[in-house]
Structures are given as structure tokens and as C-alpha cells.
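Chains as they are written, first to last, in the working numbering: chain A, 15 to 525; chain B, 15 to 525. Every residue, glycine too, gets a C-beta built ideally from N, C-alpha and C. Quick caveat, the model's predicted, so the values are computed rather than measured. Structure first, commentary second.
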């Protein structure tokens, strides 16, 4: 129980300011201590499934428990089950940044705990979001049409998946409004084979027919970006077949290999064909606040919508996915609700933005606070240096990989993701087994965590630099761990083959 | 800037544990001070649209700013634009509780900042969620089939809107898988006219045809709950017309008036007709942890899915909407994705739950921490007392209203929501103008905030008790403010009518 809370005759006080102060300070110390010792934990949790079931009671307590007991349980029971995304040795997936400014922003968001679905329910929540997304749009040098001064503007979604879904729904309802909803079976969407799985999920949700989901094959020749000719041809074929091309989901910084679709060329094609053009820059968008990387967004002027995740690589604690649209009316037409119990003069007079109509859920947190604090407390120049430093570290890692002839670099390192693999021996299943064994072996050490993908049928190791605490020494140490495990794996691999060979020979001899 | 962060030659350190400690303590004090002085602020923000645009620069700074300057800006520029959901005088919509335990839980969630989409990405995040939702299911005395030990279990969604959407999608895809997706136009959904607007929005998203959305009319005779006979008849008519009834969204504690659908009767009908039966108890579910209110959930044994928002009235900071399903495979079949870059042994071997397949977004926060902390630090008995106290205060408010003959109570007060209205004079537009004037006048005082609805074509005032800080004195004071404003409004109303009459007489005399 929260001490002093429940004297014999005192009423239950779940929000006493002095208790909040007392316990809040303790929790801040607990979290600061966590960051102080974060390198001590295995990066990937080493627990087995259902480990926690045996450690916790199977029902909530009737009577309050002590705060210290809960903290002790977090240390002893929860932390061992945590995969430490904030560890400097976390190189998996893409980063999920935490920072002091982001953390403080989350704290004040949760402290105020307002539910800002309509402007009136907390004007500051809506207005700060509008302003801060304009700030970020300007840092990204997005076209003016994405700013709030026109018909468009930005909004914070939970994730890039939700961003894709809401714009897909907006596009779907816009075209069905014109041609009739019975034509749902005729609508065709396009993306490359490198698009995030969220797009397929969004299509399923929106009811797009599976066979109308055109997956454009990519390969090394176009850097795993969409080939505009193939895209154009696919549209042409679909129109010939009486279908209706209406949506392209392109990516700047794909999940597998950080590849980039050629926005200018494909954007022109979407314009010619009156299609909705979405650009998903969930990961790599952050890099585009640096002038030297901004060219990857050239062509975004053709886009109807653009998304990047400040919660990935821009120091804003999860969740904060920034979505901009050129014309918000399509979103609002598709997603607005106006029940009596939410009506108010400001909304009725259409004087204000109600973000409930730009998203799936009704309720929403005051998430702009954390993004605002990140931008103000760090400033644009530090954020750019932060990005550049990670890209520099990724380049260092690439050099380390190249200096070991047992490995190869698979894709160009455009941002902070290095795609590489352990070269297969002749008789191996093209390195699938070898590389997956290496990945498991390294991650089992707990010293670092990284992940894999498959590109062009090859099993690839992904080393994504981007945690706030990562320094050069972590990259160098991690590479050593990978090298050492590679040596061990190779030996085991040869050994097991030799064993297998002699076993076979034995069997043949015994026959 | 965060002090000490950026010495001349020091690298940028966005996650230094000692700085986190220093600034974290300052933020805790800031928030504790906010709660100490929360009664001083107007409950409903009194700012005008676009007030913040003039107060903030139009671009992010290049160089870092001081933490104290940001705190000062929160005080001077943000707080005036906040509608104070945590004020003891907030009686609008339904409550959105904050508590110390919930706040601490949010803090540790944001401190660890893990993205627990798959089990492997932080086993503790998934496992604690499974366990704590079992705890809460037991407090609610839900049927065993909703527990994780069988084919079902609980999951935390952001909002009840998302909960409705995911189960609607699961139900849609389940039936279309059987009868073919070309039958989308034949699918019929049902709810009462009191259902939350989120249901209509979910239907739009899922592509359910608007004319197949049966809105069952309710009235005072059934306490604004669904009339089972009307429901049965509607199904019958739809089947006669060759349509396919497949989904019922029922409510325990509707948004307008906290009315309750008769779950047993309508549940039996859904069972007979092999329909998906969803129970939305977003608000009133919390009350059902008290044995004396649990009977409102009788019939939930017929349900396929059940939802309640711990972030409304159960002291868990937003967002924390708890959804249970009896059979998770329908959700997973509809919402799963399995891209290579997320593959891992644990998931492949189907040993674990991956909550990404139970929700719309991919990423997810470690939200179970806060619910766990609320249940442990307060204990079930305190939570029940907390609910009972609010219901007692609502009953007190009802008595106060009844004691003033100028007002009437419109619906029975089942939980902590009181629906009432200022009785119209004879020549009034049935009280619409009078009551909306009264609402605006009261909310403009800033002394309390409450909202309205329309039921049976009448404009109704809603007084929803449920903020964590609300005590008897706040309810009594608020009632006085309402009475005083009612007196003023009546006088103005009579005066304006007298003026109008004399104006008319003047005009007639002048003709």
C-alpha cells in the first residue's frame, strides 16, 4: 500500500499530492538506477515461456500491498523478463528511443491525464499537436501543403500501422463515394515486396480483396526499391482488366533493409492515375531532418500522406507516430462521428480541429507534450548530430564486417542499418542455417541483441544502430562477440558435418 | 537545455541516468504541485481557438532551451488550455481517472520503454498482461472461458473503440470465411440507439453496409435497454429478406444515460442465431467488481467478447481498455501478420501469445504495469469502496436535484451518472434552449464541468461523478453553482421573453 494512505479511519485517497510527490521521487530514483545499471542485464530476456505465472499470485490482493514490495518484484520478477530496448547493445528491429526529454514529456502527459479527443476536452492538447507537427514538418522540409495553414496538417497516431490504416480508409471511402461501394472488389493497392506487414493488415481490415494487392517484386538492381516501369505496367494491366488502381504505399527506409522507393518517379505515376500516394518513412524519416539525407524524401510533394515515427529514432518515447496529410477532409469524411454527447459549440461552428476524426480510437493522450519537449530541450542541431553519430557508427560497423572475409555486406548502408551475413560454406543451405545459428548464439550471450530478415531468398543479419546510449565501444564490442560466436559456430558446423558423414559411413558399413 | 548536458566538448547525451534523476525529481514536484493547486483552475479551459499559436514560435529551436523555461511555459501557456479531467469538480462525459499507482505505473512503463508486440520483444510485457487481465476477470467474476487457461483471455487495447473494432473484424472475417467475402453486403449488425458512436465508426471501417446497421429504438419503458422482442423480430425480418445477422453490440452503462441492455435475454437470442455477442461495459464495468452491482453482467456468459475501461473509473491512467474474448483464434485469424523480420522460435513453435495479433497496431506499450500497480497498491477492497463512494455521491446529487422542484431526474441513477434537467416553462422548446443555456453558463464559471446528451428527443444534463479527488463538498458546491445559474438563467429567459413581447407589441402598435 502507499504509506500513510490508509490510516484506520482515514478515507481512501488515491490522488494525494504529497503522496504522489513521495512515491514519484522513489520511482524516479528507481528508473535512474535502472539506466545506471542497464548494461548489466542480458539485452534479450533469457526467460522461458510462462516464467511469470509461477512467480505471481493468481488473483489480485484484497488488501493493499507495500510500494517497496512492488518495486522489489519489478527488480526480481519483471526485469528478468524485459528485453532491454534502451540498452546501448540493442541493435534489433529498429530502435525505440527513450530520452530524458521524452520521459519527462510522458510524465507530464500522464500527470495531467487529459483525454483530448475533441478540442474542447483540452484545447492545449489539440493546439500543441498542430503546432509541434508543423515544427517537425518544417524540420523535414515537407511541402507547405502538409502544414496546418492549408487544408492539411499533422496528427500524432500511435504507430505507423495506424497511420497506414487511416489513410487507406480515407482513400477507400473517397473513391467508393465516387464509384459506389459495390466496387470494393475492383480496388487495387500497390506496394513493393519490401513494404511493412502493416500494409497487408490494413488492407485486410479495410476489406481490400487479397488478389487485388499488387506486390511489386524488387531486387538488388533497383536497391530493393520499386521499379517505376513495373509499377506503371501493373497499373496498366489492372486497368485493362477493368480494375481500379487507387492506392500506393511506398517506403523510405524499409524494415528489412532500409531501402528507399524512388518517390519522384512513382509519385508522378500516382498523379497521372489519380491514386492516393502514401509515403511511410517510419524509421528513416528521422534522418531526413539532416539536409544531407533530405534528398531521400524528394518526390514527397506528390504524396497525399506522409508518416514518420518520432518514437523510433527521434528520442520521443513510444508512442508517437507523426502523420501528415495534404487534405484532412478525406480523413474526416471517413472517420468522423458526431454523437450528441460530444457536441459542443466550438466543434459545431467548425472553428476547431477535433482529432478524434483523424484516427481510429476516440480517446487520445496528450502526446505532443513529449515531442515538444524533445524538440525544445535538445534543439534541431543536437538531433541532427544524434542521427549523424548513429549513421557514423553504422558505417564503422560496416567497415568492421568488410574487414573479416568470412562475412559479406548484403545491401548498401543508407542510414544506420547494416545488412550482412556470414558467408556460407559450399555445402550449406545458402547460409540459412549458419546465419540463424549465429544469430541465436549471439543473442543467447545476452551481450547484444540483433535480428534478421530474408531478402532475395537469403537469410540476412540486421544490425540496426539507434539506441540513445550506444557509443563506439558498444559497436566494437558487439562485433567482437559476433566474430567469436562465428568462430565457434563454424567449428561446430564442420564438426557436426564430419560426425554426420562418419555416421553415414558407419551406417553404410553396417548394412 | 538539460543542464550539464552539453559542455563545450562533451557529446550530446540524451539519456544520462543522473540527469534523468535530477530532472525527473523536478517534474515530479511540478506535477505534485499541480495536484495541490488543481482546484484553483477553471475546470473547463476558457481559452479561445488558436490561442496557443500566438504564444509559441512557429518553428523548433536550433539550439537547446532550458528545462525551467519549458516548465514555465507549461504553467503559463499550456495549463490555461487544459480542461482538468483530474479536478474534483470534473463531472463531464465519463471520468478518466488518474491515481498515484496509475501514474507510477505509467512512469515505469515509459522508463523501460519496451515495445512488446511479440512475446520475445519483452516476455514480461506479454506475461504480466495475461496474468493481470486474469486477475481483473476474476474480480469481475467473468466466466472461466474468458481466462487465459482456456482458448480465450484478456488483452489491453487503447480504447473501447478499438476493442469494438477488433472483435467486429474477427466476427466479420469468421463469417465471410464461411460464406464468402462477396456476401459482405448481406451482413447485418445490431445495437440499441444508445450504443456508443464508436460502433458505427467500427462498422464503417469494416465496410458493413450502412443500411445493414440495425439501430433498435429504446425508451423509458425498458430503461433505455434493448427490447429482446424487437431484437428477435429484427433478426427474423432480416433473415426473411435474405440477410445475415452476425453481430450484436450491447452495452452495460451506455454513454448517454448509463442504461443496461438485458444480457441474458439478448444473449440467448444471439446464441440461437449463431451471432457474435459483444458486451461493452467501458464505464460501468468497473462497478461490477462490487458484488452488489455484478448482476448487471448476468448474461455475459453468452458473450463472445467483453470490454471495460480501467482508465475510466478504475484509477488506471489513460489508456487501458481491457478486452476479453472466449476464443482468441478468431482475433488472430483476422489480425495476424507474420513477416520474416519478426519471426522467432518462440512464436513459430506457438508456445507464446503475440499480442500484435490481437490488436490493430504493431507496437504496444507495457501498459499492464499500471493496472498491476493499481490492483496491488490499492487492493480489491479499496477499489470497491472507491466505486461505492462515487455511487453514494451520485445518489446524494440525485437527492439534491429532487429537492428542487425546478428540476427533474430523467433516468434512474444506476451507477454514478445522474441524468436530470431544468424543467421547461410552458412556452419553451421543451427545455432545449433553457438547459443548454444553463450548461454553458455553469461551465463558463469554471467552477465545475459537466456535459449533456439527448434522450427521447429531450436535452438532458449529465452529472457523472467519478474523479479520484471528488468528495461530498464538491458535489454539494457544484449543485449550488447549478442552482444559482438556473436562477439567473430563468430571470434572463423571462426577461428576454418579456422584451420580445413588448417589442412585438410595439411593432404592432407602429403598424
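Taken in chain order, no unbroken stretch of alpha helix (DSSP H) lies wholly in the stretch 410-438 of chain B with a span of 4 residues or more. For residue 194 of chain A, the nearest beta carbon of chain B is not closer than 8 Å to its own beta carbon. Residue 64 of chain B counts as exposed, since fewer than 16 other beta carbons sit within 10 angstroms of its beta carbon. Counting along the chain, the unbroken alpha helix (DSSP H) around residue 186 of chain A starts and ends at 174-193.
Excluding sequence positions up to five before and after residue 227 of chain A, its CB lies within less than 6 Å of the CB of 203, 217, all in the same chain and listed in chain order. Cα atoms of residue 149 of chain A and residue 81 of chain B: separation of roughly 19 Å, rounded to the nearest angstrom. Contact of residue 39 of chain B with chain A is assigned, a C-beta pair being separated by under 8 Å. Between residue 316 of chain A and residue 285 of chain A, the C-beta spacing is below 8 Å. Around the Cβ of residue 309 of chain B, a 10 Å sphere holds fewer than 16 other Cβ atoms; the residue is exposed. In this structure, residue 432 of chain B lies away from residue 496 of chain B, with their beta-carbon atoms at least 8 Å apart.
For a Cβ distance threshold of 7 Å, residue set 391 of chain A lies close to residue 81 of chain B, ordered along the chain.
Distance from the CA atom of residue 511 of chain A to the CA atom of residue 448 of chain A, rounded to whole angstroms, is 12 Å. In the three-state reduction of the DSSP assignment, residue 170 of chain A falls in the strand class, which pools E and B.
Between residue 119 of chain B and residue 332 of chain A, the beta carbon gap of about 15 Å keeps them out of contact (Cβ cut-off 8 Å).
The shortest C-alpha to C-alpha distance from residue 294 of chain B to any of B:206, B:62, B:106 is the one to B:206. Any Cβ of chain A closer than 8 Å to the Cβ of residue 478 of chain B would place that residue at the interface, and such an atom is absent. Under DSSP, residue 320 of chain B forms a beta bridge with B:293, B:338. In the three-state reduction of the DSSP assignment, residue 374 of chain A falls in the coil class, being assigned neither a helical nor a strand state. Around residue 387 of chain A, the beta-carbon contacts reaching into chain B at under 7 Å are 84.
For the pair residue 172 of chain B and residue 335 of chain B, the CB atoms are nearer than the 8 Å cut-off. Of all alpha-carbon atoms in A:95, A:212, A:145, the one lying nearest the alpha-carbon of residue 375 of chain B is that of A:212. Distance from the Cα of residue 102 of chain A is smallest, within the candidate group A:478, A:499, A:417, for A:478. Taking a Cβ-Cβ cut-off of 8 Å, the neighbours of residue 379 of chain B in chain A comprise 332, 333, given in sequence order. In this structure, the CA atom of residue 127 of chain B is about 44 Å from the CA atom of residue 225 of chain B. Sorting B:399, B:460, B:174, B:39 by C-alpha distance to the C-alpha of residue 26 of chain A places B:399 at the top.
Listed by position along chain B, the residues whose Cβ is nearer than 7 Å to that of residue 308 of chain A form an empty set, because the closest Cβ is around 16 Å away.
The DSSP assignment places complete alpha helix (DSSP H) segments of no fewer than 4 residues inside the stretch 48-134 of chain A at 81-87, 114-126, in order along the chain. Cβ atoms of residue 481 of chain A and residue 75 of chain A stay farther apart than 8 Å, at about 36 Å. Contact check for residue 100 of chain B against residue 52 of chain B passes: the beta carbons are separated by less than 8 Å. Boundaries of the alpha helix (DSSP H) harbouring residue 147 of chain B: 137-153, taken from the DSSP string. The DSSP-derived three-state label of residue 310 of chain B is helix.
Taking every protein chain shown into account, the CB of residue 500 of chain A has 16 or more other CB atoms within 10 angstroms, so this residue is buried.
Membership of residue 278 of chain B in any beta strand (DSSP E) is not indicated; the residue belongs instead to the alpha helix (DSSP H) covering 277-286. Counting C-beta atoms within 10 angstroms of its own C-beta, residue 461 of chain B has 16 or more neighbours from the protein chains shown and is therefore classed as buried. When DSSP states are grouped into helix, strand and coil, residue 220 of chain A belongs to the helix group. Restricting attention to A:322, A:116, A:245, the CA atom closest to the CA of residue 289 of chain A is found in A:245.
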